[in-house]
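Protein chains in written order, with our numbering: chain A, 1 to 481; chain B, 1 to 481; chain C, 1 to 481; chain D, 1 to 481.
Number of protein chains: 4
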Amino acid sequence: MFTSLKLCYLLPCLCSSRGQESAGIVTSNGDNPPTYNTLKGMGLVNNAFPPEELLKLRYGNLGIGHTRYSTTGISELQNCQPFVVDTLHGKIAVAHNGELVNAAALRKKVMRHGVGLSTSSDSELITQLLALTPPMEELDSPDWVARIKNLMQETPTSYSLLLMYTDVIYAIRDPYGNRPLCIGRLVPVSRMQNSGAGEGDTEGWVVSSESCSFQSTGAKYYREVMPGEIVQISKDGIKSLSIVPRPEGDLPAFCIFEYVYFARPDSIFEGQMVYTVRQRCGVQLAIEAPTEADVVSTVPESATPAALGYASKLGLPYVEVLCKNRYVGRTFIQPNTRLRQLGVAKKFGALTDNFAGKRVVLVDDSIVRGNTISPIIKLLKEAGATEVHIRVASPPIRFPCYMGINIPTKEELIANKPEFQDIAGYIGANSVQYLSVEGLLSAVQGGIPSLQDKMISDKPCRRVGHCTACLTGKYPVNLEW
Amino acid sequence: MFTSLKLCYLLPCLCSSRGQESAGIVTSNGDNPPTYNTLKGMGLVNNAFPPEELLKLRYGNLGIGHTRYSTTGISELQNCQPFVVDTLHGKIAVAHNGELVNAAALRKKVMRHGVGLSTSSDSELITQLLALTPPMEELDSPDWVARIKNLMQETPTSYSLLLMYTDVIYAIRDPYGNRPLCIGRLVPVSRMQNSGAGEGDTEGWVVSSESCSFQSTGAKYYREVMPGEIVQISKDGIKSLSIVPRPEGDLPAFCIFEYVYFARPDSIFEGQMVYTVRQRCGVQLAIEAPTEADVVSTVPESATPAALGYASKLGLPYVEVLCKNRYVGRTFIQPNTRLRQLGVAKKFGALTDNFAGKRVVLVDDSIVRGNTISPIIKLLKEAGATEVHIRVASPPIRFPCYMGINIPTKEELIANKPEFQDIAGYIGANSVQYLSVEGLLSAVQGGIPSLQDKMISDKPCRRVGHCTACLTGKYPVNLEW
Amino acid sequence: MFTSLKLCYLLPCLCSSRGQESAGIVTSNGDNPPTYNTLKGMGLVNNAFPPEELLKLRYGNLGIGHTRYSTTGISELQNCQPFVVDTLHGKIAVAHNGELVNAAALRKKVMRHGVGLSTSSDSELITQLLALTPPMEELDSPDWVARIKNLMQETPTSYSLLLMYTDVIYAIRDPYGNRPLCIGRLVPVSRMQNSGAGEGDTEGWVVSSESCSFQSTGAKYYREVMPGEIVQISKDGIKSLSIVPRPEGDLPAFCIFEYVYFARPDSIFEGQMVYTVRQRCGVQLAIEAPTEADVVSTVPESATPAALGYASKLGLPYVEVLCKNRYVGRTFIQPNTRLRQLGVAKKFGALTDNFAGKRVVLVDDSIVRGNTISPIIKLLKEAGATEVHIRVASPPIRFPCYMGINIPTKEELIANKPEFQDIAGYIGANSVQYLSVEGLLSAVQGGIPSLQDKMISDKPCRRVGHCTACLTGKYPVNLEW
Amino acid sequence: MFTSLKLCYLLPCLCSSRGQESAGIVTSNGDNPPTYNTLKGMGLVNNAFPPEELLKLRYGNLGIGHTRYSTTGISELQNCQPFVVDTLHGKIAVAHNGELVNAAALRKKVMRHGVGLSTSSDSELITQLLALTPPMEELDSPDWVARIKNLMQETPTSYSLLLMYTDVIYAIRDPYGNRPLCIGRLVPVSRMQNSGAGEGDTEGWVVSSESCSFQSTGAKYYREVMPGEIVQISKDGIKSLSIVPRPEGDLPAFCIFEYVYFARPDSIFEGQMVYTVRQRCGVQLAIEAPTEADVVSTVPESATPAALGYASKLGLPYVEVLCKNRYVGRTFIQPNTRLRQLGVAKKFGALTDNFAGKRVVLVDDSIVRGNTISPIIKLLKEAGATEVHIRVASPPIRFPCYMGINIPTKEELIANKPEFQDIAGYIGANSVQYLSVEGLLSAVQGGIPSLQDKMISDKPCRRVGHCTACLTGKYPVNLEW
């Protein structure tokens, strides 16, 4: 039986690694009509909420939260999710991850109905679309599921969505499955340990963009929400209500950048751990771009699995060459002439003994602007590396993302600059090589289990397909709205 | 010619005495489409805005602002005015003072159109009503004036409203004129002094709930917005567009409590200064409730004009008996048993020499809950007053206000408690007498000039009429919606 | 019996009107060795201490506190009193009011003993002097009283001092009595009301610069500490230990500016209430400088008693002409050309009806720099006053204070500027007249009871004498050290 | 020539990894008399100082700073270093690292001279000792070097000290060299690159506890300050003034815990890099405590070099098994019953694919209380590890440190608890083994170059010797003072 999703389980699901600008949380006590408690604050989850405010949430047994790394809309408390609106049928709270590709057209449509929009956020747009359609006057009951389906027909991607209404939460993933969303299960300790239930012992369900956030609540990974799926969570448990299909012939388009860079390595997507995919990228990179060198190392910390994969495939020793300084000052070191001239790699210290007099392969996960790798190479060479070869465990990024990932403008991307013709010379490396798009896809897709998600396998759905738009310019849907 | 409403003129019009919970300001650069800059913050105007944020507003030449003393809706930044919404025809910004008597019915109406409301504030409701009606699809152009008139037909009172759209500001007062609104004029210094114009010298118009706020901008009082009037302010100057009438036979219903307590004494309503009205209340009180006593004094500072009026009418000496402590601690003095037993009048010190051995008449402007006057009387008696007679320059408050004034619930009002039967005994006074409703009305209405507002006197409008609902229970409109 | 000086009584004695830059408090639990708890913070008392910190003080039954308006030493937490130092005989805590006239010489003396001084404050200097002298090695016991007497021989003025050591507080006033210090008594409510003692009911003693602070604790004014007196407060009650004499022939030198401006009107000095002294100054001013006028008014709020005295002496009506705006913005109104040209009196609104068409006498308590009275006069004239006569209830300030009052430099004082020759013309008044030094002294000294302080009257001490150095340049002691 | 030690070089030397509670900085403009600018704040260096305050420091060309991790004295701004005191000869500023073993005796000695101590910090004690001794009256000039030597005779250890006086900085290390201190050199970019000098190009000297902080200033490691050495830095460059000897027969006692845990891995002590020493500890551990297992891993991040050394020595594969969550909430996760029962390893995620079905050796750098390793072992086992063997790259900690390292009390140390008899059972591991004290010493001392520091090699000093008191209870000096 569903009992309670207590505060302490809810909060850790606000996965700070996915957004550090603002955080919000809304809980419902589940009564009819319900009492909602809302908290919003700027900054990391830890700091955003004063402790005395958190106590307010104590009485809820369901809730949704959000952390934000702004992609559209300036970073204001007003734009902070979840968005709560009062409708004819009561209050709904909505949190989402992603960016609606046809937001501009949808805004116009909503405003044409006479609705004013008080923010620039997709969240408000989504809530107003849910409130508007289908025409309210034709309905006796709220029927939020019909409205959600309607919304999914209006906008194909990109969003993972949580909608709370009184005593139910709907977890929704867009038909292309562009953004991740997964479900975890809270099992009571007493049952796990055959002991009596203590205070705060609980069973229930949690939903999160990344499975890594489950651990700190004690929840276990259960499964992903499928592309196009609407899952209902209530006191009667979890239920898959519907799968809204994609246009005939379209593949899913799960963001490949989640594997490459964005997600935490211990998260699970499509049945495989992100860390392992990154390791496979390193192995694949070793096949495509082997190097004659003495040691292999990493730009800590995100490139470490790829570096270990690369080293093991080539049989080269893996060593650490850089020590990360966790307390680098952001505000006070005014980059004066001297420091600019020196090009100091302020974030890293050199572990000289491990590479002085040696040829180093340095594996990085991606090179976006090209201005951080250059001082690192200089640091290694000055400290005695005889050669520094850069191997990048992903293809060059060349195109903007319109689906929620914060990528620099086309002009800022190093891969679009003239200097890219001689990228090794530009950054001071002895050689630079990237993983191919095909190599990345095979590293990612090669590990996906063939019979995932049996629970919903009665619905035919072609599962494998990824969005590589930032690498190839091939967007999953037509962007001309 | 209208030139600019610069920052420094706009800000002081945010009259802090009318609201200290939050403050907001929106400016427009007047271009087409316009750029709006918005600032919102909690607390007094002075503290709500960081100086670097204020610089953002520099480029506007028109703007509206608001300070808030919450009556409905919890004190959240989200509820903070002005409210800006994007509509099919561009952005509008709305600030208002008052409380819609039929808000609940209007919320339902708006939501029935499929609009979700994200706050509990009347401001959002007003903006959505303006966006919705009349049906957008029938209109080629925005025609905000038609929409405002429509709004005024939907809700009779209580609101004074500012609506900014691109390069125009509309100043509106509800048909009953329940909340004040007046216009001030900025005359260039150069013209006033026959000297050359300096940087920042400006002409223009300012609008405010209270005329007292004009002074700090150098603006001069021009006139009131009339009940039901829509005034347009643009680069072409000021123009009275329309007066939406009240139902046949209804009088205006300007809030009498503005005179009694709420407004600053140097403000002007209906052609008369608030201070002078309060003085007349004191005179009237002396006629209705004379006292045999040695000295007359005041509960500083708001009751001073009434006390001076009372003393002069009876020919008694006016003295100060209380010294206000401006630094009284609110947070740290935990009222323990001892202090409760002592009933210390912490906010005041006794000026003993002025009243020891004497019979004191203490004039107060109003007695709401009755728990602050009691320790004062005790303080005076312990310090040597032989008698303390309380004279209140307004009638007892017995009824709630649904039009924007924050009055305690019916149960909390001392006038509705059994103790009121022996109010003098209850608060420890030798006698207590109140001004009558008729006395108050004659003190207020006796000073209104007969031929005010010639400028718009071609429109016939019965001018004199006041809302006394909190004293009499007679509300200006039917409250059953 | 002395029982406890609980938190709630201690805190209000930190009289915020005397210092708003920082506040500090130290309590002792009275054990041997004692536990001291210290709180220091910037800003007003109310804001300086977080509530959870205040709870720490709960366990003390004696304590000393301080609020600071910096005269020497920059406003740093480090300079914030009370100053606590650990000595060979245990910890002492010291708080003082005033400024040592020979601080520079004393600093050198202390440092010549090999002591480093970590702040620029007199408090640290006093504690180190107490720790040093007389030579420690000659003493078996701490004998703080001997050390205090020694200190008083080293420095004649200006200080009122509190010294806490374990379970005793010494209250000391310098031999000239330049700074005020008085004692209040806490009587248990139960005894006052013949009822049982409740929790927190207490008897004890409080000491403060101004008696006005006693009221909020429920304490009653008991008496002043005499010039040169050392009073001991302990669980055995209050005891006058000694009176350190002045040099033969010297009079006391209590700061006359405390009467004129600095103290709160409900405080008592030398047996008389400050308010009443100010009223007498107004009467004296009416004798010295009568005016032919229609109304008398005040620059609110500090000049009101003088204005009432002036009006009553001349039989002229007292009215209010200015309304103080309590929420004037300090930070955001950038004084641009326009506002400077207008010379707007931003802090005040004009109560026109009371003076339009009339000749006004405006009484002020003092004119220091002369730049605030000028816009007020302009405001009154523009609003219709036919004449504005300024009467100042104190003589012109011409000399700096070296004894703790924060007076502008000699050059900034209007009385030392060439413009003072035609002060009326300079500030735009029809006439300006000041109270004479003799007039001020007679107003102050005329009301001092002849047989004050019987309790200690066995000691012969010439009581009447005031420091008028800022008015006359006659300092009570030689300043050449 | 020595020119300037500009702000941007000074600040990064405040090595945040060594103290995060408070930070302070004092600069001198070098004039006679000098102007000192002081900044102090709570928290990390980055946050402790508001940017506008930092600008104040701009005019100095020498300065000293400090970050604090409190070992004695509560964390108050007052205790925050550097400590500045005014003496007869002018102001000195002092910052130190370490803890005086005979502080209590020295406090008494200072107080016996009649000096009051206003803080509980060693810094104030040191400044007062410097001010006091030798007797000031015997000296015509300040002679700080004589005073420093005197101080070093009064207290043998533990301190590294910076003393700034007008235009000179003295860098001092105690005779046992217990705390680290090293010197870096700023070489102008122009000379390095044969180009013209730009604005801000500088030469000079920097001093720091750890060499890792030099990099972000562009300074190069120069050499260590030797045990007992007094180094003078002025505009005439760097000069070794004296080496104060230890008692005959005593070895140096450099803190071995700096190698084991405290220092950043890219720092250099005694001619060797900390990272490399830790790697050697892993190798030595593999010799002393080999394991039959499938993979070797680390508790990230500090144990990684030891784990890599261990794995390479045994020829076992090194893999990552734990993923660190950088955003773990400290404040809000109330450890309720459920979470306590689950014993969740909140800070780490499991990288399951790397160890499921395998025998894992987990290398940690030290086990202090034993309550963090236990949930990690549980996490690994639940995720599929068949065996988990703990290998600790240092001996058990059994004794308190009185020399500046913040180690729990004897009772809290797991090595002193009964459970330590079956430590493996207690923490749930299959086996637990520690490095021996001899093994640690050989790993540390085996890599020290034999002819370090030629520059001062004319002074005979036996260089190799380490404090192992926390492991062995053998303190370098007698602690009975």
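Ideal Cβ placement from N, Cα and C applies to all residues, glycine included.
Here the structure is a predicted model, which means the values were calculated and not measured.
Should residue i and residue j be called a contact, given that it needs their Cβ atoms to be closer than 7 Å?
{"i": "B:ALA131", "j": "A:GLY116", "result": "yes"}
{"i": "A:LEU379", "j": "A:ALA350", "result": "yes"}
{"i": "C:ARG264", "j": "C:GLU210", "result": "yes"}
{"i": "A:VAL110", "j": "A:GLN81", "result": "no"}
{"i": "D:ALA289", "j": "D:VAL296", "result": "no"}
{"i": "D:THR166", "j": "D:ASN32", "result": "yes"}
{"i": "D:GLU224", "j": "D:CYS281", "result": "no"}
Within 10 angstroms of the Cβ of residue i, are there 16 or more other Cβ atoms? Answer buried if so, exposed if not.
{"i": "A:ASN97", "result": "buried"}
{"i": "C:ASP122", "result": "buried"}
{"i": "B:ASP143", "result": "exposed"}
{"i": "C:ARG462", "result": "In this predicted model, C:ARG462 has a pLDDT of only 46, less than 50, meaning its place in the structure is not dependable; the value taken from the coordinates is given anyway. Classification of C:ARG462: exposed, given that the 10 Å Cβ count is below 16."}
{"i": "B:SER16", "result": "Reliability of the predicted coordinates at B:SER16 is poor, the pLDDT of 44 falling under 50, and no value is obtained from them."}
{"i": "C:GLY249", "result": "exposed"}
{"i": "B:GLU320", "result": "buried"}
{"i": "D:VAL410", "result": "This sequence places Lys at residue 410 of chain D; Val is not what is there. Result: exposed."}
{"i": "D:LEU285", "result": "buried"}
{"i": "A:ASN482", "result": "Residue 482 of chain A lies beyond the residue range present for chain A, which begins at 1 and ends at 481; the question has no answer from this structure."}
{"i": "D:ALA443", "result": "buried"}
{"i": "B:PRO418", "result": "exposed"}
Can you tell me the Cβ-Cβ gap for residue i and residue j, rounded? I've got them flagged as a contact below 8 Å.
{"i": "A:GLY446", "j": "A:LEU251", "result": "Rounded, the Cβ-Cβ distance is 17 Å, inconsistent with contact."}
{"i": "B:ILE390", "j": "B:ASP422", "result": "The pair is not a contact, with the Cβ atoms about 13 Å apart (cut-off 8 Å)."}
{"i": "C:GLY30", "j": "C:LEU62", "result": "6 Å"}
{"i": "C:VAL101", "j": "C:LEU479", "result": "6 Å"}
{"i": "A:ARG173", "j": "A:GLU229", "result": "6 Å"}
I need the straight-line Cα distance from residue i to residue j, nearest angstrom please.
{"i": "B:ASP294", "j": "C:ARG398", "result": "42 Å"}
{"i": "A:VAL377", "j": "A:ARG246", "result": "As written in the sequence, residue 377 of chain A is Ile, which differs from the Val given in the question. Their Cα atoms are separated by approximately 46 Å."}
{"i": "D:CYS467", "j": "D:SER394", "result": "14 Å"}
{"i": "C:ILE243", "j": "C:PRO227", "result": "8 Å"}
Taking only beta-carbon atoms, is residue i less than 7 Å away from chain G?
{"i": "D:THR127", "result": "Structure shown: chain G not included; protein chains present are A, B, C and D."}
Quick one, which residues of the stretch 263-275 of chain C are near chain B if we go by CB-CB under 7 Å, in chain order? Residues are counted here when their Cβ sits less than 7 Å from a Cβ of chain B; for the stretch 263-275 of chain C these are ARG264, PRO265, ASP266, MET273 and TYR275, given in chain order.
For the stretch 104-115 of chain A, which residues have a beta carbon sitting closer than 8 Å to at least one beta carbon of chain B?
For the stretch 104-115 of chain A, the set of positions with a beta-carbon nearer than 8 Å to some beta-carbon of chain B reads ARG107, LYS108, MET111, ARG112, HIS113, GLY114 and VAL115 in chain order.
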